[in-house]
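Only one structure is covered here, and it is reproduced in the block below.
Residue numbers (the numbering used here), protein chains in the order written: chain A, 1014 to 1208; chain B, 1014 to 1208.
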């Protein structure tokens, strides 16, 4: 970007960047890879940052021709409960996000889609993970038969967007990425926001 | 809850629960505490779950009498960039969430509020953390002077809700909890949803 800064960015003057001094892996598991870095703060002091290095993920907003969304109920062990979610999954090494989205939609729900649109990127855990989630809207869906990942025990269901939003209001849908995705879906499907 | 299940829950028949077999702490850092548990899946197979045990957090939607929101720019080392966020912070051991919200709002922004309302709970990282975030709406704000935590290098700014939503659309606000909170704020402040 060239030219003068936009007025609303006038407050973005101070450099808040934290500079890495040294770091190490403190845990390398099957799923989680945890780093601890010493960093220098803008005021010159040093502190420690612990965080998860994450390869990134995708989430899909699958919209049927009926207008209903394809969603999942999945048990989430860290919370010891099941959650209602939009389909999502981790990006494999070197995998383009859109390819990952197509793979995850088919693996988890059994659907393929003829029309794909990139929606936005969100960051779910800015305090302690490098994870980003690329969100895609999928339309023109065809059911090919579910092929769930090994160990992925989930149920697929259909839900009108209006009901999904009502379930956010009622506290029945609380997964942050799904909440963000459903509000985005409302803006896009109403034509208010284009992607 | 008693009585028959709601019709829309008819698909919630299968028990997807994963039962812990044994587990251990694999990393106990200053900030992050990582567990690895062996679990039994509903189909009888076993697998491993790695996740962060988190004490929970709060996020505040601070609304000035002018209608503007109080927000923060903060450097987030895991992403190596600064992020635009609603005020938030981790709950201390034994601390009631509302007390935490009052403490964090004052510490991070210098504001106190005369009217507090609980909005909802969201779960930001259902795949690998037990974290939940309790969201509160704060109104009747008075500036008392900022008292930032040590090592917390952030800038506070004011933003109209309409601009904040526009910044979501433009991809300038991507923190998932903030995105969810701003969409909730729109519903509440328009009177469409009551909390």
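Beta carbons are placed, not taken as given, at the ideal position from N, Cα and C, and that holds for glycine. Just so we're clear, the structure is a prediction, and the values are computed from it rather than from any experiment.
Run through DSSP, which three-state label would residue 1214 of chain A get?
With chain A running from 1014 to 1208 in the structure shown, residue 1214 of chain A is simply not present.
Within-9 Å CB hit, residue 1124 of chain B to chain A:
Not one chain A Cβ lies under 9 Å of residue 1124 of chain B.
Using a Cβ cut-off of 8 Å, pull out every chain B residue sitting near residue 1096 of chain A, in sequence order please.
1136 and 1139
Pull up the DSSP beta-bridge partners for residue 1064 of chain A, would you.
A/1048
Listing by chain order, which chain B residues have their CB less than 9 Å from the CB of residue 1062 of chain A?
1044, 1090 and 1091
Quick check on the DSSP output: the beta strand (DSSP E) that includes residue 1102 of chain B runs from which residue to which?
It spans 1101 to 1103 - the beta strand (DSSP E) in which residue 1102 of chain B sits, taken as one unbroken run.
With 9 Å set as the bound, which would you pick, yes or no: does the beta-carbon of residue 1190 of chain B sit closer than that to a beta-carbon of chain A?
yes
Determine, for residue 1087 of chain B, whether the minimum Cβ-Cβ distance to residues of chain A falls below 9 Å.
With 9 Å as the cut-off, residue 1087 of chain B counts as an interface residue toward chain A.
On the three-state DSSP scale, how would you describe residue 1140 of chain A?
coil
Would you say residue 1084 of chain B and residue 1187 of chain B are within 9 Å of each other, going by their C-beta atoms?
Taking the C-beta atoms as reference points, residue 1187 of chain B is found no nearer than 9 Å to residue 1084 of chain B.
Determine, using beta-carbon pairs with one atom in the stretch 1123 to 1142 of chain B and one in the stretch 1049 to 1061 of chain B, whether at least three such pairs fall under 8 Å.
Verdict: no, contact absent.
Beta-bridge partners of residue 1125 of chain B, as assigned by DSSP:
B/1155
Tell me the residue span of the beta strand (DSSP E) that contains residue 1089 of chain A.
1081 to 1089
Please report the distance separating the alpha-carbon of residue 1151 of chain B from that of residue 1125 of chain B.
As the crow flies, the alpha-carbon of residue 1151 of chain B is around 9 Å from that of residue 1125 of chain B.
Contacting residues, own chain, Cβ-Cβ under 7 Å from residue 1199 of chain B (five flanking each side not counted):
1174 and 1178
Supposed close pair residue 1067 of chain B, residue 1096 of chain A - CB separation, criterion 8 Å:
That pair is no contact at about 16 Å.
Taking C-beta pairs closer than 7 Å, name the residues in chain B that residue 1143 of chain A reaches, listed in chain order.
1091 and 1092
Please confirm whether residue 1071 of chain B has its beta-carbon closer than 9 Å to some beta-carbon of chain A.
no
On the DSSP bridge assignment, give the partners of residue 1032 of chain B in chain order.
B/1053
Collapsed DSSP secondary structure at residue 1190 of chain A in the structure displayed:
helix
Return yes when the Cβ of residue 1118 of chain B is within less than 9 Å of the Cβ of residue 1075 of chain B, no when it is not.
yes
Quick one: give me the first and last residue of the beta strand (DSSP E) that residue 1177 of chain B is part of.
It is not in any beta strand (DSSP E) - residue 1177 of chain B instead sits in the alpha helix (DSSP H) that spans 1174 to 1182.
For residue 1153 of chain A, collect the residues of the same chain with a Cβ closer than 8 Å to its Cβ; drop the 5 residues on either side in sequence, then sort them by chain order.
1078, 1126, 1127 and 1128
Just mark residue 1194 of chain A as buried or exposed, buried being the case when its beta carbon has 16 or more other beta carbons within 10 Å.
That one is buried.
Under 9 Å between C-beta atoms, does residue 1196 of chain B make it to chain A?
yes
Would you say residue 1206 of chain B reaches chain A, if we count a Cβ-Cβ gap shorter than 9 Å as a contact?
yes
Quick check on DSSP: helix, strand or coil for residue 1093 of chain A?
coil
Residue range of the unbroken beta strand (DSSP E) whose run includes residue 1106 of chain B:
Boundaries cannot be given for residue 1106 of chain B, as no beta strand (DSSP E) includes it and DSSP labels it neither H nor E.
State buried or exposed for residue 1115 of chain A, treating a residue as buried only when at least 16 other CB atoms are found within 10 Å of its CB.
buried
Cβ closer than 8 Å: which chain A residues qualify as neighbours of residue 1076 of chain B?
Correct list: empty, because the minimum Cβ distance to chain A is about 18 Å.
In chain A, what lies closer than 7 Å to residue 1031 of chain B by C-beta?
1088 and 1090
Whose C-beta lies closer than 6 Å to the C-beta of residue 1145 of chain B among residues of the same chain, with five residues either side of it excluded?
1069, 1134 and 1136
Counting only the same chain and skipping the five closest in sequence on each side, list residues whose C-beta sits under 7 Å from that of residue 1172 of chain A.
1081, 1082 and 1084
Does DSSP classify residue 1171 of chain B as helix, strand or coil?
strand
Is any beta-carbon of chain B found at less than 9 Å from that of residue 1105 of chain A?
Interface criterion not met: the Cβ of residue 1105 of chain A is under 9 Å from no Cβ in chain B.
Kindly identify the DSSP beta-bridge partner or partners of residue 1150 of chain A.
Within the DSSP secondary-structure output, residue 1150 of chain A pairs in a beta bridge with A/1074 and A/1130.
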